[in-house]
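Sequential numbering of the sequence shown, starting at 5, is according to our numbering.
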Amino acid sequence: MILHKFILSTYYIEYFMFAILTRPAKLTLAAISGLMTLVMSVSSVFAQPAQRPNIIFIFSDDHAYQGIGAYGNKIAKTPNIDRIAREGALLTNNLVTNSICGPSRATLLTGKYSHLNGYKRNDRTRFDTSQTLLSETLRKSGYQTAWIGKMHLNSLPAGFDYWNVLPDQGHYYNPQFIGQPNDTTQYTGYVSDLITQFATGWLEKRDDSKPFFLIVGHKATHREWMPDLQDLGAYDDVTFPLPSTFYDDYKGRKAAADQDMTIDKTMRMKLDLKVGVDYDKDPLYRRLNPEQKKVFKAYYDKVSKEVTDKNLTGKALVEWKYQRYLRDYFSTANSLDRNIGKLLDYLDKSGLSKNTVVIYASDQGFYLGEHGWFDKRFIYEESLKTPFVIRYPGVIKPGTKVDDLVVNIDWAPTVLNIAGVNTPTDMQGKSFFPLLKASNTAQVPWRKEAYYHYYEFPEPHHVHPHFGLRTSRYKLAYFYGGADSWELYDLQKDPKEVSNIYGTKGTEKLTADLKTKLKALMNEYKDDEALKILATAQP
Numbered sequence: 005m006i007l008h009k010f011i012l013s014t015y016y017i018e019y020f021m022f023a024i025l026t027r028p029a030k031l032t033l034a035a036i037s038g039l040m041t042l043v044m045s046v047s048s049v050f051a052q053p054a055q056r057p058n059i060i061f062i063f064s065d066d067h068a069y070q071g072i073g074a075y076g077n078k079i080a081k082t083p084n085i086d087r088i089a090r091e092g093a094l095l096t097n098n099l100v101t102n103s104i105c106g107p108s109r110a111t112l113l114t115g116k117y118s119h120l121n122g123y124k125r126n127d128r129t130r131f132d133t134s135q136t137l138l139s140e141t142l143r144k145s146g147y148q149t150a151w152i153g154k155m156h157l158n159s160l161p162a163g164f165d166y167w168n169v170l171p172d173q174g175h176y177y178n179p180q181f182i183g184q185p186n187d188t189t190q191y192t193g194y195v196s197d198l199i200t201q202f203a204t205g206w207l208e209k210r211d212d213s214k215p216f217f218l219i220v221g222h223k224a225t226h227r228e229w230m231p232d233l234q235d236l237g238a239y240d241d242v243t244f245p246l247p248s249t250f251y252d253d254y255k256g257r258k259a260a261a262d263q264d265m266t267i268d269k270t271m272r273m274k275l276d277l278k279v280g281v282d283y284d285k286d287p288l289y290r291r292l293n294p295e296q297k298k299v300f301k302a303y304y305d306k307v308s309k310e311v312t313d314k315n316l317t318g319k320a321l322v323e324w325k326y327q328r329y330l331r332d333y334f335s336t337a338n339s340l341d342r343n344i345g346k347l348l349d350y351l352d353k354s355g356l357s358k359n360t361v362v363i364y365a366s367d368q369g370f371y372l373g374e375h376g377w378f379d380k381r382f383i384y385e386e387s388l389k390t391p392f393v394i395r396y397p398g399v400i401k402p403g404t405k406v407d408d409l410v411v412n413i414d415w416a417p418t419v420l421n422i423a424g425v426n427t428p429t430d431m432q433g434k435s436f437f438p439l440l441k442a443s444n445t446a447q448v449p450w451r452k453e454a455y456y457h458y459y460e461f462p463e464p465h466h467v468h469p470h471f472g473l474r475t476s477r478y479k480l481a482y483f484y485g486g487a488d489s490w491e492l493y494d495l496q497k498d499p500k501e502v503s504n505i506y507g508t509k510g511t512e513k514l515t516a517d518l519k520t521k522l523k524a525l526m527n528e529y530k531d532d533e534a535l536k537i538l539a540t541a542q543p
């Protein structure tokens, strides 16, 4: 259309210019006015800004980066997440500021650390929606905004034109959703399917004269890992290899030895692994309708019989629990990836793919048996790092890999940068969009250290609060609240983080340098509470 206008306009402009030069006396006022209108029309065509991209942020729960094909897992079936990475960029060192669900979502929305956005723990604190939010900033700049699925911030979405969210943690089967203005409705079906259905439904009805920003919040892969019926047994023929640290003795790591998140002692046979479930009394399974219950019961009754008949004890039982945990975990992830595929297919069929940025990330990392654990919280790699893949056709070169230290305070500024919106001054992160576009990221000035601070203690997993920093090679952490101990790791020599070298001979200069950098980060990010603790920390 623009090209057509340009050709016609050029023709008439040339005609009028010829007339001016050859027959100026015969030009009427109307003709001159028409010429000016055409000139202005052509100018307006070329003055139009480039179309602003749509942005979809798919945000899962507890999905471990090491459980994704694009991150090297050879067992996981994640073709659609892998597709985003293949067609765009994959971040290998995408870190969180506080490895726990609600606080990570708060950081996505605010671009700030937990101590400033006010959401430090997964408790009954209501998220402060009066502060500067990514959603509201985008809306004010002309974007339609929507949040569909899991939010888990003890408040209704703010800054969104539309929402349809799960109450609290939500349920895998026949879940309730809170729609606008505050209406709760229960639906029949599996949560991942329903979230995708609602997301594509909103996309169909949106105002297509505006760009959109959509957060799709998935419940998967959160505990208690209830797979979709079609995915039950999807990994039953797989024997997952034990991580090399599965039987970690936690030597030299006081806080690691004092946690309550082991597959051995913490993981529950009935609630987590579905062994011996009373489907008529247990509230989690009373939600199932008769057809769902029949299939679910038939499968897990066989699981229960298997472990009962084997009469396992000791290491044999622990390793059986590990296999069952991963079979359910990866089966639950199947529905997550399949629904990401449905959304990508919708974008293709609707013609939205070319101008839609698609991001996939999880709220933090997760343990898949490393150190004998499940859950997250610790500053160790498996929970500190989280997956992040992004596709932006025509802008991000397919197959891009970014190894720089990106932190989740950077997510909001990056989305705003992509949308052509300035980052509000109270956001603490910075856009890593230049890293995604650079042919050599080493040429882009970027942070050399990342700061972390975790708070939730003592429940539910008795992980002591701690703060620390991560560089490309080293990690320094201080555990307080009773653990009161330092840990130092050389990630190059000890990538599994089992050898705490803090206080060993020859590390004095390194330790002093890292402590200086840690204090500088606390000052930079205005973590006054941490500065006070640091001042009185054990040497």
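Glycine residues also receive a C-beta, built at the ideal position from the N, C-alpha and C atoms.
All values derive from a computational prediction rather than experimental measurement.
query, result
"Apply the 10 Å Cβ neighbour rule to GLU110 and answer buried if 16 or more other Cβ atoms are within range, or exposed otherwise.", "Here residue 110 turns out to be Ala, not Glu, going by the sequence shown. With 16 or more other Cβ atoms within 10 Å, it is buried."
"Starting from GLY318 and walking both ways along the alpha helix (DSSP H), at which residues does that stretch end?", "318-354"
"To the nearest angstrom, report how far apart GLY376 and ILE267 are at their CA atoms.", "6 Å"
"Put VAL49 into one of helix, strand or coil per three-state DSSP.", "Any reading at VAL49 needs caution, since the residue's pLDDT is 34, under 50, leaving its predicted position unreliable; the model's value is listed next. Three-state result, VAL49: helix."
"In chain order, what residues of the same chain lie with their CB nearer than 6 Å to the CB of GLU140, ignoring the 5 residues before and after it?", "GLY163"
"Nearest CA to the CA of MET271: which residue from TYR506, LEU330, PHE181, ARG290?", "LEU330"
"Ordered along the chain, which non-local residues of its own chain (more than five positions away) have a Cβ less than 7 Å from that of ARG291?", "HIS175, TYR177, ASN178"
"Please go through the same chain and pick out, in chain order, the residues whose beta-carbon is closer than 6 Å to the beta-carbon of PRO493, but skip the five residues on each side of it.", "Note on identity: in this sequence residue 493 is Tyr, with Pro being the wrong assignment. Correct list, in chain order: LYS479, GLU501."
"Please report the distance separating the alpha-carbon of THR188 from that of PHE181.", "6 Å"
"In whole angstroms, what separates the C-alpha of LYS325 from that of ALA68?", "18 Å"
"Where do the N-terminal and C-terminal ends of the alpha helix (DSSP H) with THR474 fall, by residue?", "The sequence as given places Arg at residue 474; Thr does not occur at that position. From DSSP, ARG474 is part of no alpha helix (DSSP H) but of the beta strand (DSSP E) over 470-474."
"For the stretch 395-413 against the stretch 92-106, are there 3 or more C-beta pairs whose distance is under 8 Å?", "yes"
"Within 8 Å (strictly less), CB to CB, does TYR371 reach chain D?", "In summary, chain D is missing from the structure at hand, where a single protein chain is found."
"If we ignore side chains and look at the alpha-carbon of each, how far apart do LYS309 and VAL393 end up?", "41 Å"
"Thinking TYR371 and GLU386 are a contact (beta carbons under 8 Å), I'd like their distance in whole angstroms, please.", "5 Å"
"With a Cβ-Cβ cutoff of 8 Å, do ALA259 and HIS470 count as a contact?", "yes"
"For the stretch 70-110, list the beta strand (DSSP E) runs that are entirely contained and at least 3 residues long, ordered along the chain.", "93-95"
"Between the stretch 340-355 and the stretch 236-254, do three or more beta carbon pairs fall short of 8 Å?", "no"
"Quick check on this structure: which residue in PRO462, ILE422, GLY507 has the alpha carbon closest to the alpha carbon of PHE61?", "ILE422"
"Going by DSSP, what residue range makes up the beta strand (DSSP E) through TYR2?", "A question about residue 2 goes unanswered here, because the residues of the chain that appear run from 5 up to 543."
"Just to confirm the assignment: which complete beta strand (DSSP E) runs, minimum length 3, are found wholly within the stretch 440-487?", "454-458, 470-474, 478-483"
"Label GLN432 either buried or exposed according to how many other C-beta atoms from any shown protein chain fall within 10 Å of its C-beta, with 16 as the threshold for buried.", "buried"
"Using a Cβ-Cβ cutoff of less than 7 Å, which residues in the same chain neighbour VAL425 once the five nearest sequence positions on both sides are dropped?", "THR141, LEU142, SER145"
"Quick test of your reading: GLY106 and ASN121, contact by CB under 8 Å. State the CB separation rounded to the nearest angstrom.", "Actually they are not in contact, since the Cβ atoms of GLY106 and ASN121 sit about 11 Å apart, beyond 8 Å."
"Enumerate in chain order the residues of its own chain whose CB-to-CB distance from SER357 is below 7 Å, with the five nearest sequence positions on each side excluded.", "LEU351, PRO397"
"Less than 8 Å between the beta carbons of PRO83 and ASP252, yes or no?", "no"
"Return the residue from the list ASP65, GLY76, LEU99, HIS119 that minimises the CA-CA distance to ASP172.", "ASP65"
"Who pairs with LYS380 in a beta bridge, going by DSSP?", "Note: LYS380 sits in no beta bridge, so no partner."
"Helix, strand or coil: how does DSSP classify LYS30 here?", "With a pLDDT of 44 at LYS30, under the threshold of 50, the modelled position of that residue is not reliable, and the figure given next carries that caveat. Of the three classes helix, strand and coil, the one that applies to LYS30 here is helix, per DSSP."
"Looking at the secondary structure, which residues open and close the alpha helix (DSSP H) in which PHE4 lies?", "In the structure displayed, the chain extends from 5 to 543; residue 4 sits before or after that span and is not available."
"In terms of residues, what are the limits of the alpha helix (DSSP H) holding THR141?", "138-144"
"Buried or exposed: where does ASP282 fall if 16 or more other Cβ atoms within 10 Å of its Cβ makes it buried?", "exposed"
"For PRO543, which of GLU323, GLU512, GLU528, VAL399 has the nearest alpha-carbon?", "GLU512"
"Mind pulling the beta strand (DSSP E) runs of 3 or more residues that sit fully within the stretch 163-236?", "166-170, 180-183, 187-190, 216-221"
"Determine the burial state of MET526: buried for a count of at least 16 other Cβ atoms within 10 Å of its Cβ, exposed for fewer.", "buried"
"If you draw a straight line from the alpha carbon of HIS468 to that of GLY205, how long is it in whole angstroms?", "43 Å"
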